[in-house]
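Residue numbers for the sequence shown follow the numbering used here, beginning at 15 and rising by one. Each residue gets a CB set at the ideal place from its N, CA and C atoms; glycine is no exception. On a predicted model such as this, the values are computed, not experimentally measured, just so you know. Read through the structure below, which is laid out as structure tokens, and then see the notes.
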Amino acid sequence: MGKTKATPTEKNQRFRDIARNRRALYEYEILERYEAGIALEGTEVKGLRERGATIRDAYVQVRNGEAWMVGAHIADYVNSGQTGHDVMRTRKLLLHRREIEKLARAVSEKGLAIVPLRMYFSHGRAKLEIGVGRGKSTYDKRRTIAERDAKREAERAMRAARR
């Protein structure tokens, strides 16, 4: 038999967002983006599916040739019993060696940081989109807000004109 087409709900399940770090896009100018797998325990995956995660205060470190996500909160799985996981544990990121070396070089540069941008499921696997970013100055942040407000006003005007 041939392959069946995916229904719209199945398509949405392939890349389902768990958490977004909207603050990172405000605080940093993102120069490069990477997709990393996350080494998780069973109860962590179930906790992600059931109650989600928070990556707002998280950051990525490169230590001994490995990338680690620090400060992410993955919710506890309700039915885990006594064998649950530590919700704030440091988790290993799964990247190619060359990508890790590139990240390490980027962080050694002054003013660059590796920040998690979003966590999502891709084909049943938990993934983390990370970005190498340079911190924005106060002026740049104000300009970002002004651009967003101008775009919002233009969209409102367009909607009003269609009516």
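Distance check for serine 151 and arginine 157, CA to CA, integer angstroms please. When rounded, the distance between both Cα atoms is 10 Å.
On the three-state DSSP scale, how would you describe threonine 104? coil
Backbone secondary structure at alanine 72 - three-state DSSP: coil
Is lysine 155 helix, strand or coil when you go by DSSP? Three-state DSSP puts lysine 155 in a helix.
At which residues does the alpha helix (DSSP H) containing glutamate 58 begin and terminate? 56-65
Give the DSSP-derived three-state secondary structure of glutamate 123 in the structure shown. coil
Endpoints, the alpha helix (DSSP H) within which leucine 109 is located: Counting along the chain, leucine 109 falls outside any alpha helix (DSSP H), and DSSP gives it neither H nor E.
Quick check on glycine 138: buried or exposed, where buried means 16 or more other Cβ atoms within 10 Å of its Cβ? exposed
With a threshold of 16 other CB atoms inside 10 Å of the CB of alanine 67, please say whether the residue is buried or exposed. Buried, since its Cβ has 16 or more Cβ neighbours within 10 Å.
Selection from Asp154, Gly149, Ala140 and Gly147 that minimises the alpha carbon distance to alanine 50: Ala140
In the DSSP assignment, find the unbroken beta strand (DSSP E) run with arginine 139 in it and report its ends. 139-149
Count the other C-beta atoms from every protein chain shown that fall within 10 angstroms of the C-beta of glutamate 169, then say buried if there are 16 or more, exposed otherwise. exposed
Taking the C-alpha atoms as reference points, what is the distance between glutamate 41 and histidine 99? 31 Å
Given a threshold of 16 other Cβ atoms within 10 Å of its Cβ, counted over all protein chains shown, does methionine 133 qualify as buried or as exposed? buried
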